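This report concerns only the one structure given below.
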Amino acid sequence: MSQSRLTELTWREVRRAGEQGIAVLPIGSQEQHAGHLPMGTDTLLVEEVLDRALALLDQEPSAPELVRLPALPFGHSPHHLFAAAVSLSAATLGAVLDDVLDSLVTSGYRRVMVVNGHGGNDEIMRLAVKRFALRARVTVAACSYWTVTAGEGEDEAGRPDVTPGHAGWFETSLMLAARPELVRTPVPARTPVQPPPLFDHPPHPGLTVERHGEWERVDGSTDDACGADADRGGRLLDDRARGLARAIRAFDAASR
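Residue numbering for the sequence shown follows the working numbering, starting at 1067 and increasing by one per position.
Structure follows, in structure tokens:
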């Protein structure tokens, strides 16, 4: 497989790779993650899953040609500004994605995959992909890393009730596996919050409910992270990496 980083290529190499290759854009955020995780957690985790997925693909004899873009480190995080965040408005993030996609197409690419690490980006990313494919001759895919599972070992390692959550068991377990030096330990137990936040526990299936002040009320996290575990986090990262590798292969096969 030909796997390269856009930053390290010459412009002629970028053009040549665009003839057959897939440009891969990871996007994250800079925002509060309670008192024990760093601001860049979402960016660090999406890059870690992508690293592992590309390492898996690199072992295969015939895998897609990929050009990896630098991660977009800022996302849509106004709901975390009660503490600290560097946030783009929905319109700005959509415009940035439009400009990046447009630049890639102008530079010769016809296939692009966006891999997201922050829940607040998800709807904006998917809308940007849909809009762009209507006006450009391009095939674009998008996913958030926690959604593309391999379906292996999930019962053993996973807790779907708190996945992905925010600054809780899932993200903390992943960070303990990926970047343990950045996790402030010991992770304190969180006092149970009642009632649970409506954005994470809507009163009826299918409803999206937002209420002013909910993030501040729950102190910036969705669930208790004190039971987070590096071994389980590593298995969850590997599962997402296998799922992402399969998704890249499937996108390549469908878009040739």
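The C-beta atom is built at its ideal place from N, Cα and C for all residues, glycine as well. Just so it is clear, the structure is predicted and the values come from calculations on it, not from any experiment.
So for A1121, helix, strand or coil by DSSP?
One-based indexing of the sequence shown puts residue 1121 at position 55. The answer is helix: DSSP assigns A1121 an H, G or I state.
Given a cut-off of 9 angstroms on the beta-carbon distance, is the pair S1095 and P1139 in contact?
Here residue 1095 refers to the residue found at position 29 when the sequence shown is read from its first residue. Here residue 1139 refers to the residue found at position 73 when the sequence shown is read from its first residue. Yes; because the gap between Cβ atoms is below 9 angstroms, this pair is in contact.
Go through its chain and collect everything with a Cβ distance to L1147's Cβ below 7 angstroms, but skip five positions before and after it.
Counted from its first residue, the sequence shown places residue 1147 at position 81. Within its own chain, the residues whose Cβ lies closer than 7 angstroms to the Cβ of L1147, once the five positions on either side in sequence are excluded, are S1153, listed in chain order.
Buried or exposed (CB count within 10 angstroms, at least 16 for buried), A1243:
Counting from 1 along the sequence shown, the entry for residue 1243 is found at position 177. A1243 comes out buried.
Whether R1197 touches R1176 by CB criterion (9 angstroms)
What you label residue 1197 is simply residue 131 of the sequence shown in a count that begins at 1. What you label residue 1176 is simply residue 110 of the sequence shown in a count that begins at 1. No, these two residues do not count as a Cβ contact at 9 angstroms.
From which residue to which residue does the alpha helix (DSSP H) around M1105 run?
In the sequence shown, residue 1105 corresponds to position 39, counting from 1. Premise fails: M1105 is in no alpha helix (DSSP H) and is neither H nor E.
For the region 1114 to 1132 and the region 1279 to 1289, state whether three or more C-beta atom pairs, one from each stretch, are separated by less than 8 angstroms.
Between the region 1114 to 1132 and the region 1279 to 1289 there are fewer than three C-beta pairs closer than 8 angstroms, too few to call the two in contact.
Look up P1262 in the DSSP assignment and say whether it is helix, strand or coil.
Translated into positions along the sequence shown, residue 1262 becomes position 196. Coil, per DSSP.
Simplified DSSP state of R1203, which is helix, strand or coil:
Your numbering for residue 1203 matches position 137 in the sequence shown. In the structure shown, the three-state DSSP call for R1203 is coil.
Closest Cβ-Cβ distance between T1274 and chain B: below 9 angstroms?
Included in the structure is just one protein chain, with no chain B present.
For the alpha helix (DSSP H) that contains A1243, what are its first and last residues?
In the sequence shown, residue 1243 corresponds to position 177, counting from 1. Counted as a single uninterrupted DSSP element, the alpha helix (DSSP H) harbouring A1243 occupies residues W1235 to A1244.
My output table needs one value for D1318: the three-state DSSP class, helix, strand or coil.
For the purposes of this step, residue 1318 is taken as residue 252 along the sequence shown, with counting starting at 1. Here D1318 sits in helix by DSSP.
Would you decide whether Q1125 is buried or exposed? Buried here means 16 or more other CB atoms lie within 10 Å of its CB.
Within the sequence shown, residue 1125 is the residue found at index 59, counting from 1. It is exposed - the Cβ of Q1125 has fewer than 16 other Cβ atoms within 10 Å.
Any idea if Q1260 is buried or exposed, counting beta-carbon neighbours within 10 angstroms, 16 or more meaning buried?
As a working note, residue 1260 is residue 194 in the sequence shown. Exposure of Q1260 is indicated by the presence of fewer than 16 other C-beta atoms within 10 angstroms of its C-beta.
Would V1206 and A1199 be called neighbours here (beta carbons separated by less than 9 angstroms)?
Translated into the one-based positions of the sequence shown, residue 1206 becomes position 140. Translated into the one-based positions of the sequence shown, residue 1199 becomes position 133. A contact, by the Cβ cut-off of 9 angstroms.
Check whether the region 1107 to 1123 and the region 1300 to 1319 touch, using three or more Cβ-Cβ pairs below 8 angstroms as the test.
The answer is yes - the region 1300 to 1319 touches the region 1107 to 1123, with three or more Cβ pairs under 8 angstroms.
Contact between the region 1226 to 1238 and the region 1283 to 1294: three or more CB pairs below 8 angstroms?
Put simply, the region 1226 to 1238 touches the region 1283 to 1294. At least three CB pairs are less than 8 angstroms apart.
Report back the beta-carbon spacing between S1070 and V1133 to the nearest angstrom; my notes put them in contact at under 8 angstroms.
Taking the first residue of the sequence shown as position 1, residue 1070 is located at position 4. Taking the first residue of the sequence shown as position 1, residue 1133 is located at position 67. That pair is a contact at about 6 angstroms.
DSSP puts N1182 in a beta bridge; with which residues?
Along the sequence shown, one-based indexing puts residue 1182 at 116. BP columns for N1182 point to I1093 and S1210.
How many angstroms separate the CA atom of R1315 from the CA atom of P1136?
The count along the sequence shown starts at 1 and reaches residue 1315 at position 249. The count along the sequence shown starts at 1 and reaches residue 1136 at position 70. Distance from the CA atom of R1315 to the CA atom of P1136, rounded to whole angstroms, is 21 angstroms.
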